[in-house]
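Student: Please find one structure pasted underneath; my questions will follow.
Number of protein chains: 2
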Amino acid sequence: MADAITPRSEDYSQWYHDVVRHARLADYSPVRGCMIVRPNGYALWENMQAGLDGMFKATGHRNAYFPIFIPQSFLAREAAHVEGFAKECAVVTHSRLKVGDDGTLDVDPESKLEENLIVRPTSETIVWDTYSKWIQSWRDLPILLNQWNNVVRWEMRTRLFLRTMEFLWQEGHTAHATRDEAMEETLRILDIYATFAEDWMAMPVIKGVKSAAERFAGADETFCIEALMQDGKALQSGTSHFLGQNFARAFNCQFQNRDNELEYVWATSWGVSTRLIGALVMVHSDDRGLVLPPKLAPTQAVIVPIYRSDEDRVAVLEAASVVESKLRASGIRVELDAREGFRPGWKFTEHEVQGVPVRLAIGPRDVANRTVELARRDGGEKQSVPVDGIVASVQEALDSVQFGLFEKALAHREANTTSVDSYDDLRGVLDDKGGFVRMHWDGTSETEARIKDETKATIRCIPLEGYEEDGVDPVSGRPSRGRVLYARAY
Amino acid sequence: MADAITPRSEDYSQWYHDVVRHARLADYSPVRGCMIVRPNGYALWENMQAGLDGMFKATGHRNAYFPIFIPQSFLAREAAHVEGFAKECAVVTHSRLKVGDDGTLDVDPESKLEENLIVRPTSETIVWDTYSKWIQSWRDLPILLNQWNNVVRWEMRTRLFLRTMEFLWQEGHTAHATRDEAMEETLRILDIYATFAEDWMAMPVIKGVKSAAERFAGADETFCIEALMQDGKALQSGTSHFLGQNFARAFNCQFQNRDNELEYVWATSWGVSTRLIGALVMVHSDDRGLVLPPKLAPTQAVIVPIYRSDEDRVAVLEAASVVESKLRASGIRVELDAREGFRPGWKFTEHEVQGVPVRLAIGPRDVANRTVELARRDGGEKQSVPVDGIVASVQEALDSVQFGLFEKALAHREANTTSVDSYDDLRGVLDDKGGFVRMHWDGTSETEARIKDETKATIRCIPLEGYEEDGVDPVSGRPSRGRVLYARAY
Chain F
1 MADAITPRSE DYSQWYHDVV RHARLADYSP VRGCMIVRPN GYALWENMQA GLDGMFKATG
61 HRNAYFPIFI PQSFLAREAA HVEGFAKECA VVTHSRLKVG DDGTLDVDPE SKLEENLIVR
121 PTSETIVWDT YSKWIQSWRD LPILLNQWNN VVRWEMRTRL FLRTMEFLWQ EGHTAHATRD
181 EAMEETLRIL DIYATFAEDW MAMPVIKGVK SAAERFAGAD ETFCIEALMQ DGKALQSGTS
241 HFLGQNFARA FNCQFQNRDN ELEYVWATSW GVSTRLIGAL VMVHSDDRGL VLPPKLAPTQ
301 AVIVPIYRSD EDRVAVLEAA SVVESKLRAS GIRVELDARE GFRPGWKFTE HEVQGVPVRL
361 AIGPRDVANR TVELARRDGG EKQSVPVDGI VASVQEALDS VQFGLFEKAL AHREANTTSV
421 DSYDDLRGVL DDKGGFVRMH WDGTSETEAR IKDETKATIR CIPLEGYEED GVDPVSGRPS
481 RGRVLYARAY
Chain V
1 MADAITPRSE DYSQWYHDVV RHARLADYSP VRGCMIVRPN GYALWENMQA GLDGMFKATG
61 HRNAYFPIFI PQSFLAREAA HVEGFAKECA VVTHSRLKVG DDGTLDVDPE SKLEENLIVR
121 PTSETIVWDT YSKWIQSWRD LPILLNQWNN VVRWEMRTRL FLRTMEFLWQ EGHTAHATRD
181 EAMEETLRIL DIYATFAEDW MAMPVIKGVK SAAERFAGAD ETFCIEALMQ DGKALQSGTS
241 HFLGQNFARA FNCQFQNRDN ELEYVWATSW GVSTRLIGAL VMVHSDDRGL VLPPKLAPTQ
301 AVIVPIYRSD EDRVAVLEAA SVVESKLRAS GIRVELDARE GFRPGWKFTE HEVQGVPVRL
361 AIGPRDVANR TVELARRDGG EKQSVPVDGI VASVQEALDS VQFGLFEKAL AHREANTTSV
421 DSYDDLRGVL DDKGGFVRMH WDGTSETEAR IKDETKATIR CIPLEGYEED GVDPVSGRPS
481 RGRVLYARAY
C-alpha cells in the first residue's frame with residue numbers, strides 16, 4: 001500500500017478509510033455491505049471483548065448463545081419493535097441449491113420454507129420466547145445473560161466498522177422480578193460501557209437518555225454513551241435499554257411473584273459492537289495513521305534493531321532479545337521486529353501506521369551504552385533510556401500515552417461543546433464549528449423533528465448529569481426543563 | 001427438572017439427551033434444527049476456545065473474521081466442493097419485510113436480490129476470493145488465519161451439539177508457497193487437535209487420514225481425529241484438510257515464487273466445533289449426569305456448607321469462605337454454594353448432575369477439626385482433609401480426576417477395538433460389541449461402499465500409526481497394504 005494517507009484537513013472521510021486500510025484493520029468483501037475484519041482489527045476486537053467480558057462477569061453475567069435465525073412471525077409480535085426496526089433484513093426463504101438443466105447452480109424451488117427465517121438483526125424476540133419457557137417463579141430470576149455474536153441489518157452504504165450490513169457485537173438480555181431491579185441493571189451496564197470507553201479506549205463519553213424518537217423500538221427508555229469524533233460529529237457508542245414489560249407481554253412471559261401473583265417479567269437489553277473500532281480510529285488517529293490506547297493495542301511496544309555490519313547484527317539482536325524478554329516477562333505485549341530485508345525506517349513507518357504506542361530502537365551505540373531509544377506514537381521527544389530500567393520506562397510511557405490520549409480527546413470535546421440560546425446560533429455552530437451543542441428543548445417530538453429536518457442534527461441524548469436548568473426552547477418558544485445535546489452524528 | 005436421567009443401559013440416546021438437558025448445557029429452539037447453548041454449555045465452549053486458541057496463537061496463527069454471506073456463484077467455482085458439499089443450505093433471497101394489506105408481516109417481493117446469498121456452510125470460497133487479492137508474491141506467504149464463528153448446514157434431524165443446523169466452530173485457512181509447507185501445516189494442526197482432545201478433554205483419539213469417499217469436498221487429503229463413545233460408536237472430532245491448489249485454481253490465486261515464476265498457492269483448512277461438547281458428554285458422563293475433565297470444567301470445585309443452627313451457620317460460612325479464598329487465590333475455579341433454602345443433599349445432586357469434578361462439604365464438626373470433606377465426581381471414597389493443606393488436596397484430586405478420566409476412556413477404547421480377518425467377524429463385532437474394528441482394506445471405493453451399504457459401518461480413517469501390514473481384504477479377496485478402522489459413527 002504505497003499511496004499516502006489523505007490528511008484529515010483535506011478529506012476526513014477519505015482519511016478514515018485510508019487509516020483503516022493502511023493499518024490493515026479491515027477490508028471490503030465481495031458481498032456488498034459486509035466487511036472482512038483483518039487480524040489487526042480482530043486483535044483489537046479480542047482485547048475489547050476481554051475488557052468488557054471481564055466487567056460483565058464481575059457483575060454476575062454469563063455468556064450463552066441463541067440461534068442466528070428468527071422465525072418471521074416472531075418479529076411481528078412486539079408492535080413497536082417491528083414497526084421501528086426490523087424491516088430491512090436478510091430473509092432466508094429456501095433451504096437447498098440444485099444444479100439446473102443448463103448446468104448452473106440455483107435455488108431449488110421445491111425447498112421453499114413454510115415460514116421464512118430472518119437472520120437476526122438483534123435477539124430480543126427469540127430470547128423472550130425462550131425465557132417464557134425458563135421462567136415460572138421469582139426463584140428463576142434474575143437471568144443475566146450476554147452473547148457475543150454476529151448480526152445483520154440490511155445496509156448498502158458501507159463504511160468499514162461504522163456502518164456495515166453484518167457486524168460483530170455483544171447483546172445482553174436480562175430478566176428481573178421488579179421494575180427497580182431492571183432499571184438498576186440498565187444503569188449498571190451504562191456505567192460499564194462508560195468505564196470501558198474512558199478507561200480502556202481513552203474516549204470520553206457523555207451518558208444520557210434518548211428522546212422518544214431515538215429510542216430503541218420496543219424499549220421504554222434507551223440510555224446511551226455518546227462520543228465526539230475529531231471532525232465534530234457525534235458517535236453513539238453503546239446503548240442500554242430498559243424494556244419494561246413489553247417483550248414479556250409480547251411473548252407471554254409471566255412469573256409467580258413473592259406474593260403468589262402472576263406478573264410480567266421486567267427486561268433489559270444492551271449492546272456494543274465493532275463500531276467501537278471505528279470510534280477508536282476516529283477519536284485518536286492522526287495523519288500518519290492509527291493511534292491506539294495501550295490498554296487495547298495488540299502490540300504495546302515494538303523493538304526495531306538497527307545495524308549495518310554482520311558483527312553489529314549479532315550484538316544488536318542479542319541486546320534486543322534481552323529487552324524483549326524483560327518486557328514480555330512483565331506482561332507487556334511486545335514484538336521484536338527482526339525481519340530481514342526491510343530498512344529500519346520502513347519498519348518505523350509501518351509500526352507508526354499500525355498505531356503501536358511505544359517504539360524501541362537499538363543500534364550498536366545503544367549496545368555499547370546499554371541504552372535503548374524510546375519513541376512514543378503520540379509524539380514528544382525521543383528518549384535514550386537505560387536497559388536496566390527498561391520495564392519501568394516502557395510501563396511509564398504506556399501509562400502516559402493512555403492518559404494523554406484521554407486528556408487530549410477530553411480537551412477536544414470540551415473545546416467543541418457549545419451552549420447556545422437561539423436557533424440561529426445552533427445552525428451557526430453546527431455549520432461552522434460542529435461538535436456538541438447544548439440547547440434548551442421543550443421535550444416535544446415536533447420540535448426535535450423540525451430541527452433534524454432543517455439542520456440534520458439530532459438530539460444525541462438528554463445528559464444524565466448537568467441537565468436540569470429551567471429555560472425556554474428557542475425554536476418553539478415553549479418552556480424547557482434543561483439543555484439537551486444536539487449534534488450531527490454518524 | 002424433577003424427572004430422572006434415563007440409564008445408559010436402557011436407552012443410550014435418551015440418556016445423552018437427559019444429561020445435556022439436566023446439566024443445562026443446551027436447549028431446543030423454536031427454530032427447528034437450531035439449539036440454544038445455555039450458560040453451562042457456553043462456559044465449556046469458552047474454556048475449549050481458550051485452550052485451542054492458545055495453541056493456534058503459539059504456532060503463529062492470528063484470528064480474523066470473514067462475512068457470514070457467500071455469493072451463490074462462489075459455491076459453484078470449485079466443482080468437487082459444490083458437488084459434494086454445499087447443496088443443503090440456508091438461502092437468502094430477499095432483503096426486506098413489509099406489512100401487507102391484510103396487516104401481516106411478509107417478505108417484500110420487490111426486495112428480491114440480484115444474486116442469492118448463502119449463509120456460510122464453511123468459508124473456503126470467500127477466503128480464497130480474498131486471498132487472491134492479498135497475495136502477489138512469496139513475501140506475502142504464509143498466511144495463517146483462523147476464525148471463530150457460526151456456520152449453517154441445513155439439517156432437520158437435530159441432536160443437541162452432535163447434529164444441528166447451526167453450530168459454532170473455528171475454521172483455519174492457511175496459504176503457503178510450497179506443497180511441503182502446506183502438508184506440514186495440515187499435520188501440525190492435526191497434532192494440536194489430538195493434543196487438545198487428549199490433554200484437555202481427556203479423550204483418547206486416533207489420528208488418521210480419510211478415504212476418498214469420506215474426504216472433505218475440495219480437499220486432496222482429509223486428516224482427522226476419531227474418538228470412541230461409550231456406546232461403541234465413533235465420533236469424528238476434528239478435521240485438518242490438505243487442499244492442494246484446488247481453491248487457488250478455482251479463485252485464480254497465484255503468486256510469484258522465489259524463481260519469479262507464477263504458481264498457484266497451496267492451502268489448508270481445518271476445524272473443530274461445538275460437536276466436541278457432545279463428544280465430551282458421551283465419553284465421560286454416567287447415569288448420574290455430566291462428568292467433566294477438570295481442565296475444562298467451568299467450576300472445578302464447589303463448596304457446600306452444612307449447618308442446622310444459626311450459630312453453626314456463621315462459623316461454617318466463615319470457614320467455607322476461608323477455603324474459597326485459598327482455592328481462588330491459587331487459580332482453582334471454585335464456587336461457594338451458600339444459597340439459602342436448599343438442602344445440602346439437593347445441592348450435592350445438582351453439582352453432581354452438572355459434573356463439578358470436586359465437591360467440598362464443611363459442617364460444624366469440620367470447623368471444630370479444621371477439616372473439609374472432599375468427594376470426587378468420578379467416584380472413590382470421600383476423604384476428610386485438613387484445611388491447612390486444602391489447595392494441595394484439591395489440586396491433587398483435580399489432577400487425579402483428569403488423569404483417571406483419560407485412563408478410563410483409553411481402557412474402554414482398547415477393550416472395544418477388535419482386529420478381524422473375515423467379513424462375518426466384522427459384521428458380528430459391529431452387531432454384538434461395537435467399537436472400532438481393524439480390518440484389511442483393498443483401498444477401493446467399491447469395497448468401502450459395499451460394506452457401508454451392508455453394515456452401516458464406514459472407514460473412520462486409515463490410522464497414521466500402526467497401519468502398514470501386508471494382507472488380504474476379506475471382502476474383495478484383493479491384496480491390502482494395512483488394516484483400516486471401521487466403525488458405526490455419529
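Chains as they are written, first to last, in the working numbering: chain F, 1 to 490; chain V, 1 to 490.
Positions of the beta carbon are idealized from the N, C-alpha and C atoms, including for glycine.
1) Taking the Cβ atom as the reference point for each residue, do V:Ile462 and V:Glu448 lie within a distance shorter than 9 Å?
2) Using C-beta distances below 6 Å, list every residue in its chain close to V:Val92, excluding the 5 sequence neighbours before and after it, in chain order.
3) Which residues in chain V sit within 7 Å of F:Arg38, going by Cβ to Cβ distance?
4) With 16 as the cutoff for other CB atoms within 10 Å, does F:Met156 come out buried or exposed?
5) Give me, in chain order, the residues of the same chain whose beta-carbon lies closer than 8 Å to that of F:Met1; leave out the 5 immediate sequence neighbours on both sides.
6) The alpha helix (DSSP H) that contains V:Arg21, what's its start and end?
7) Less than 9 Å between CB atoms is the rule here; does F:Asp310 satisfy it with respect to chain V?
8) Mind listing, in chain order, the continuous beta strand (DSSP E) runs of no fewer than 3 residues lying wholly within the stretch 79-153 of chain F?
9) Could you check the C-alpha separation between V:Asp108 and F:Ala457 for me, to the nearest Å?
10) Rounded to a whole number of angstroms, what is the C-alpha to C-alpha distance between V:Gly380 and V:Asp11?
11) Kindly indicate if chain V contains any beta-carbon less than 9 Å away from that of F:Asp199.
12) At what residue ranges does the stretch 251-296 of chain V contain a whole run of the alpha helix (DSSP H), taking only runs of 4 or more?
13) Considering F:His241, what are the terminal residues of the beta strand (DSSP E) in which it resides?
14) Please return the same chain residues whose Cβ sits closer than 7 Å to the Cβ of V:Ala397, not counting the five positions on each side in sequence.
15) Please state the DSSP three-state secondary structure of V:Ile192.
16) Should F:Asn416 be labelled buried (16 or more other beta-carbon atoms within 10 Å of its own) or exposed?
17) Since F:Met48 is in the alpha helix (DSSP H), which residue starts that stretch and which ends it?
18) In the DSSP assignment, find the unbroken alpha helix (DSSP H) run with F:Ser400 in it and report its ends.
19) If you draw a straight line from the C-alpha of F:Glu115 to the C-alpha of F:Phe69, how long is it?
20) Does DSSP put F:Val209 in a helix, in a strand, or in coil?
21) Is F:Val151 near F:Thr130, with beta carbons less than 9 Å apart?
22) Buried or exposed: where does V:Gly238 fall if 16 or more other Cβ atoms within 10 Å of its Cβ makes it buried?
23) Chain V partners of F:Gln72, CB-CB under 8 Å?
24) Give the DSSP-derived three-state secondary structure of F:Ser445 in the structure shown.
25) Residues in the stretch 77-92 of chain F with C-beta within 9 Å of chain V's C-beta atoms, listed in sequence order?
26) Among the residues of its own chain, which have a CB less than 8 Å from the CB of V:His176, if the five just before and after it don't count?
27) Taking just the CA atoms, how far does V:Ser393 sit from V:Tyr193?
28) Tell me which residue opens and which closes the beta strand (DSSP E) that V:Gly345 is part of.
29) Between F:Thr104, F:Phe247, F:Glu110, F:Thr6, which lies nearest to F:Glu124 when the distance is taken from Cα to Cα?
30) Would you call the stretch 41-53 of chain F and the stretch 212-231 of chain F in contact, with 3 or more CB pairs under 8 Å?
31) DSSP state of V:Asp337, grouped into three classes?
32) With DSSP run on the structure shown, which of helix, strand or coil describes F:Asp473?
33) Is it right to say V:Asn260 is buried, meaning 16 or more other beta carbons lie within 10 angstroms of its own, or is it exposed?
34) Residues of chain V with a CB under 9 Å from the CB of F:Trp154: which are they?
35) In whole angstroms, give me the CA-to-CA distance for V:Gly232 and V:Gln354.
36) Taking 9 Å as the CB-CB cut-off, is F:Met282 touching chain V?
Tutor: Answer, in terms of the structure:
1) Cβ distance not < 9 Å, so V:Ile462 and V:Glu448 don't count as in contact.
2) Leu117
3) Ala64
4) F:Met156 is exposed by the Cβ-count criterion.
5) Legend: pLDDT at F:Met1 = 48, less than 50; position of this residue unreliable, value from coordinates given subsequently. Answer for F:Met1: Arg21, His22, listed in chain order.
6) 12-22
7) Not closer than 9 Å to any Cβ of chain V, the Cβ of F:Asp310 fails to qualify, so no.
8) Listed in chain order, they are 88-99, 105-107, 112-119, 143-152.
9) 31 Å
10) If you draw a straight line from the Cα of V:Gly380 to the Cα of V:Asp11, it comes to about 26 Å.
11) no
12) 275-284
13) 234-244
14) Here the set comprises Val358, Leu374, Arg376.
15) helix
16) buried
17) 39-58
18) 390-415
19) 11 Å
20) If DSSP states are grouped into helix, strand and coil, F:Val209 belongs with the strands.
21) no
22) Its Cβ being crowded by 16 or more others within 10 Å, V:Gly238 is buried.
23) Counting only Cβ-Cβ distances below 8 Å, F:Gln72 has contacts in chain V at Leu97, Leu105, Asp106, Val107, in chain order.
24) helix
25) Val82, Glu83, Ala86, Lys87, Glu88, Cys89, Ala90, Val91, Val92
26) Result list for V:His176: Leu141, Pro142, Ala182, Glu185, Val265, Trp266, Ala267, Thr268, in chain order.
27) 31 Å
28) Taken as a continuous stretch (DSSP letters only), V:Gly345 belongs to no beta strand (DSSP E), being part of the alpha helix (DSSP H) at 344-353.
29) F:Phe247
30) Counting C-beta pairs closer than 8 Å gives fewer than three between the stretch 41-53 of chain F and the stretch 212-231 of chain F, which falls short of the contact rule.
31) coil
32) coil
33) Classification of V:Asn260: exposed, given that the 10 Å Cβ count is below 16.
34) Those within 9 Å of F:Trp154 in chain V are Ser95, Arg96, Ser111.
35) 24 Å
36) no
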